[in-house]
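K.L.:
My questions will all concern the structure given below.
Protein chains in written order, with UniProt numbering: chain D, 1 to 194; chain C, 1 to 189.
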């Protein structure tokens, strides 16, 4: 590794060619394997051992730079928590629904869906509290999904309760807002005891 | 808590691929987004750190970029990989940080490097550090062109779109960056 001649140091290569033009070709990314049509070296530069040594040397150094750049850094330990703290603080996304009509469209903001869903879920026996966490907006403004957090009354069959909530919320959205097929994801976050 | 709903759901997220997580996150699942953040934080942070050459700035930029990614996620159409889309958000955030902090300060933990001599740097690791210092000491526009084409392996056209300059300018900047760094490596064997 030591004692190698520094081929980039001189102005002229041992073959008599100046170093600078070939170095420029390499640095500008215009040197490719000889059978690659993008290779801009002349015939001498492709075959001469001194010219090839220069290219190899620069490429070798360059691969060290690339390797050092892609080597992963350790992110700050609290990055995920910091991001998610801010994401959760934003609250539900304000999704919206666009209802097409013959004489113009109707837009309903996510907060309206939220109120309708919370009110419908809150009336289901066995639900102590219902909160919409998020309103997902589908492509073109079609409603995609609601994420609903529940506090359920202790002692209930939770999967059955979730299914009932899903049905009631779906029916309310269809009746009040006029949208069908909204996906309702239910999260039972806590139980109300006693 | 094996067998519990919470445990099963967490395991499910860890097993899900990015596309599935993105779909869930688009529906509003913050837990799915959290898994995406966990997966992509190292690459995003490395990218920001290389672009900004300052750990604190990189942390702020990545945090901001992830929050933006969350708010923009419903508009992500899935034509590109999530990682590609995310890196674009990170790069845009970093470029706006760079624009704000002009004129260019010398990075806080980095002295403008003198040409690195073989006798100063023997170990590969030390060389890696020296190289990264060299890159950190480059002018912002050269460093950005270099980082996008090496770390993200972008072509000149793609990097030009992100940086808002023609591809030929990116090529010129990469060449200047390479020239500077190659000169700094003078004497390395």
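Don't be surprised by glycine CBs; every beta carbon is placed ideally from N, CA and C.
Kindly identify the DSSP beta-bridge partner or partners of residue 186(D).
P.N.:
148(D)
K.L.:
Under 8 Å Cβ to Cβ from residue 83(C), same chain only, skipping five residues before and after it: list those, please.
P.N.:
Sequence-distant Cβ neighbours of residue 83(C) in its own chain, meaning closer than 8 Å and more than five residues away, are 18, 40, 43.
K.L.:
What is the DSSP secondary structure of residue 159(D), reduced to helix, strand or coil?
P.N.:
helix
K.L.:
For a cutoff of 8 Å on Cβ pairs, would you count residue 56(D) as touching chain C?
P.N.:
Not one chain C Cβ lies under 8 Å of residue 56(D).
K.L.:
Give me the Cα-Cα distance between residue 13(D) and residue 177(C), rounded to the nearest whole angstrom.
P.N.:
23 Å
K.L.:
CA-CA distance, residue 130(D) and residue 119(D)?
P.N.:
Whole-angstrom Cα-Cα distance: 8 Å.
K.L.:
Work out the CA separation of residue 133(C) and residue 187(D) for me, nearest whole Å.
P.N.:
If I take the Cα positions, the gap works out to 49 Å.
K.L.:
Are the region 138 to 146 of chain C and the region 23 to 33 of chain D touching by the rule of at least three beta carbon pairs closer than 8 Å?
P.N.:
no
K.L.:
From residue 82(D) to residue 63(C), what does the alpha carbon distance come to, in whole angstroms?
P.N.:
7 Å
K.L.:
The ligand FAD heavy atoms versus the CB of residue 47(D): any closer than 7 Å?
P.N.:
Within the structure as shown, the ligand FAD is missing, as the structure has no ligands at all.
K.L.:
Quick check: residue 205(D) and residue 161(D), are their CB atoms within less than 8 Å of each other?
P.N.:
With chain D covering 1 to 194 only, the question about residue 205(D) has no answer from this structure.
K.L.:
Measure the beta-carbon distance from residue 111(D) to residue 168(D) and round it to whole angstroms, keeping in mind my assumption that it falls under 8 Å.
P.N.:
With a Cβ gap of about 19 Å, residue 111(D) and residue 168(D) do not count as contacting.
K.L.:
Give the straight-line distance between the Cα atoms of residue 52(C) and residue 177(D), rounded to the nearest whole angstrom.
P.N.:
Spanning the two alpha carbons is a distance of roughly 48 Å.
K.L.:
How big is the Cα-Cα spacing for residue 72(D) and residue 87(D)?
P.N.:
25 Å
K.L.:
Can you list, in chain order, the residues of the region 59 to 80 of chain D whose Cβ is nearer than 8 Å to any Cβ on chain C?
P.N.:
61, 62, 64, 65, 66, 67, 68, 69, 70, 71, 72, 73, 74, 75, 76, 79, 80
K.L.:
Exposed or buried, which one is residue 90(D) when buried takes at least 16 other CB atoms within 10 Å?
P.N.:
exposed
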